[in-house]
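In our numbering, the protein residues as written are 394 to 595. The beta-carbon is built from N, C-alpha and C at its ideal position, and this holds for glycine as well. Written below as structure tokens is the structure these notes are about.
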Amino acid sequence: MRWGIALVLGAALCAAAQQAPQLSEGEKNEQRRFVQQMLRKSPGKMTEAEASGFLYRVIPGYLPDILQRAYYKKRDALMEAGLHRRAAGAGELADQLKAKPAKKAGPPENSSRALLAAGYEELEKQEVVWLCKQTKCSEAELMDNSTLHVVPEMGKSKKMAVRYFIHPKDPLFGPVANLRAGHEELGGTRTFGSKIGTYCSK
């Protein structure tokens, strides 16, 4: 469902990301080289600064499609390994941010504020786990095949937290609404029917 990507680049950009950071061609190429380099490293061999840069400094929208998919899968692996907690406090990244203050601008297009402004609905972690189980997809596959967004951000307690968002017009949101109403099976829904288990390989 590539329309999800187009929706984000359209609605989110128009609603909240007109002032989002713009990268020069040189910066885009540097970001691609960095991602390719990190993809060759196992999570255990990445430094905190590298993990921090990979998780919080890369702008996936500037990556080619194939590299973008590989980035999301690697990001899932890093988060499962708990590196997002250590990376959040990486001293080297903090020094970089102090040395080069960011310009005041609107929220990035993949931030929770921008997604909410674009009409996205927030999902609970257990709802995403349920969707993964019912569709037999990983989080990365759902992100690739739907409008699901995984947004790591600093919470009020100064600890990293992960928030999930999906557009209400996404076919996956209907089953979530049914789940919230107390219906826990996907099989009989109009969206999935007998196709359950093949959603990510359509």
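Check                                                                                           : Outcome
CA nearest to the CA of L541, picked from G512, S550, M553                                      : G512
Contact set for L432: own chain, Cβ-Cβ below 6 Å, skip 5 residues either direction              : A463, K467
For M547 and M439, the rounded distance between their alpha carbons                             : 21 Å
Boundaries (first-last residue) of the beta strand (DSSP E) holding A510                        : Note, A510: premise wrong, no beta strand (DSSP E); alpha helix (DSSP H) at 505 to 510.
Cβ contact check for the region 560 to 570 and the region 512 to 526: 3 or more pairs under 8 Å : yes
Under the three-state DSSP convention, the category E517 falls into                             : coil
Separation of K526 from V451, as counted between CA atoms                                       : 29 Å
Beta-carbon gap between D469 and S531 smaller than 9 Å                                          : yes
The alpha helix (DSSP H) enclosing R556, as first and last residue numbers                      : That residue, R556, is in no alpha helix (DSSP H); its beta strand (DSSP E) goes 553 to 559.
Residues that P545 bridges to, as DSSP identifies them                                          : V555
Distance, S417 Cα to V543 Cα                                                                    : 26 Å
Exposed unless 16 or more other CB atoms sit within 10 angstroms - verdict on V522              : exposed
Collapsed DSSP secondary structure at I459 in the structure displayed                           : helix
M431, enclosing alpha helix (DSSP H) - first and last residue                                   : 418 to 432
P436 versus Y455 - alpha carbon distance                                                        : 23 Å
Status (buried if at least 16 other CB within 10 Å, exposed otherwise) for A570                 : exposed
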